[in-house]
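Protein chains in written order, with the working numbering: chain A, 1 to 227; chain B, 1001 to 1227.
2 protein chains.
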Amino acid sequence: MKSTQKRSPKKQNHVVSSAVIHRLPRYFRYLRMLMREGKTRVSSGELSELMNVTASQIRQDLNCFGGFGQQGYGYNVSFLYAKICELLGVGAGFSAIVVGAGDLGRAISRSDMFEKRGVDVISLFDVDKALIGRTINGVAIRDMADLESFCRDNRVDMAVLTVPKAKSEEVAARLAACGVRSIWNFTGNELSSLDIPVENVHLGDSLMILEYRLNQADEETERRTLS
Amino acid sequence: MKSTQKRSPKKQNHVVSSAVIHRLPRYFRYLRMLMREGKTRVSSGELSELMNVTASQIRQDLNCFGGFGQQGYGYNVSFLYAKICELLGVGAGFSAIVVGAGDLGRAISRSDMFEKRGVDVISLFDVDKALIGRTINGVAIRDMADLESFCRDNRVDMAVLTVPKAKSEEVAARLAACGVRSIWNFTGNELSSLDIPVENVHLGDSLMILEYRLNQADEETERRTLS
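Here it is, written out as structure tokens:
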């Protein structure tokens, strides 16, 4: 019987642009840091210095969510933090499985990233007999063959996809078919033909940005040497 | 004696906006795919369909690099691929070390991401005696105590930082001090006070975007149920 853990979605009053949405996780991180430091108030100016974003951008972004600041007071840190958590669905009790228990899958399972964002990792899956039956941080690695029955018995909000690239389409389709509601895709193969939300992660892209910047630095050095 | 592998930087004729630079890695990936499929020509229209970007955006981006397309012909795939590799410094023979040989460090070392982008991983480092002396894909895990002497004897273009967050500032400063030229930072702590290029990776950010989209999907369902 499917575990009927009914989730209540957080209400959102405004339609927010994609650019602002993508800036939200950074606000989350800084506000969490301020909360930990015990800071109760913060001005847009202080946030601006901390985050290296203009104060007006900050005010504009936060206004999208109903304008929490008060003239002369600034923002209440814990209220703002709670609001952003609500918007992002943090603490909403999402459940996740990790599909592909290789180095990356295990590394991701072990990180505290999920816990910090209210996501509960409830199982890993693999085809490798040497891995099946092990536990990572107390979470079991199950046989891929048991995927469908597991998803029948448990609500799975997201699957972290860390299988080999060649298997990505096939496994993604299987996940969507057994009711998994979203995919966090680390395979490097952009999945685009599914009906469920997919976040494609391309670590190699940021490596290439670094290469570009190194190349620019080299060229600058060469220009100075030759002049 | 320092290995004097002199690198020749690739020349860049135009100043390119940050937005375009950040789109380059994606062009790289799709062009590499087309190369593998043996395709010799591609039009901006075909690229547009493949990449889900408007054809005019594609033409505009590629024009930033000197306009490689020909009216009626489109673009020569291998020429375009080579040009983008040159711009990004791929194949320029960068050397990298991985600092912090935990799950994530080892996962990153083992991936083919570096090889595909012309980066050679020449060592890992850790403080854990159980890890020191092991090899990952034939690359040795050395003692952190030997970091300075290693960097004296070898050119290190980039350090992949996968140490615990609490150690990030200290280790980053140490790396910059011993001549490492850039840092690819996975610690989650934004490093901003260094003179060398740093790419900060925040995997948790894309997790939060997925949570937001799931939350939106839930809310949409609830709205429909109630109406």
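C-beta: ideal position from N, C-alpha, C; glycine also.
| Check | Outcome |
| --- | --- |
| Whole beta strand (DSSP E) elements within the region 176-214 of chain A, 3-residue minimum | 183-185, 198-200 |
| Where T135/A falls: helix, strand or coil (DSSP) | strand |
| Start and end residues, alpha helix (DSSP H) containing V20/A | 18-36 |
| Under the three-state DSSP convention, the category G105/A falls into | helix |
| Chain-ordered residues of the region 138-152 of chain A with a beta carbon less than 9 angstroms from chain B | none |
| Under 8 angstroms from the C-beta of Y212/A: neighbouring residues of chain B | I1021, L1024, L1087, L1088, G1089 |
| Straight-line gap, F186/A to L226/A (C-alpha atoms, nearest Å) | 43 angstroms |
| Spatially closest choice to D1126/B from K1167/B, D1112/B, Y1030/B, by CA coordinates | K1167/B |
| Simplified DSSP state of G45/A, which is helix, strand or coil | helix |
| Beta-bridge partners of F94/A, as assigned by DSSP | V119/A |
| Helix, strand or coil at D153/A according to DSSP, with G and I counted as helix | helix |
| Residue environment, Y1073/B, which counts as buried when at least 16 other CB atoms sit within 10 Å | exposed |
| CB contact below 8 angstroms: N1063/B versus chain A | no |
| Spatial distance of G1093/B from H22/A (CA atoms) | 33 angstroms |
| N1052/B - DSSP class collapsed to helix/strand/coil | coil |
| Paired residues, beta bridge with V1099/B - DSSP | F1125/B, L1161/B |
| Alpha carbon of R26/A to alpha carbon of K165/A, nearest angstrom | 29 angstroms |
| Cβ-heavy atom distance, A96/A to the ligand HEM, below 7 angstroms | Ligands in the displayed structure: none, and consequently the ligand HEM is not present. |
| Three-state secondary structure (DSSP) of A1140/B | strand |
| Chain A contact residues for R1036/B, given Cβ-Cβ distances below 9 angstroms | Within chain A, no residue comes near R1036/B; the closest Cβ sits about 12 angstroms away, beyond 9 angstroms. |
| Environment of E1037/B [buried if 16+ CB atoms lie within 10 Å] | exposed |
| Cβ pair G118/A, G138/A closer than 8 angstroms | no |
| Residues of the region 99-111 of chain A with Cβ closer than 9 angstroms to any Cβ of chain B, in chain order | G102, D103, L104, G105, R106, A107, I108, S109, R110, S111 |
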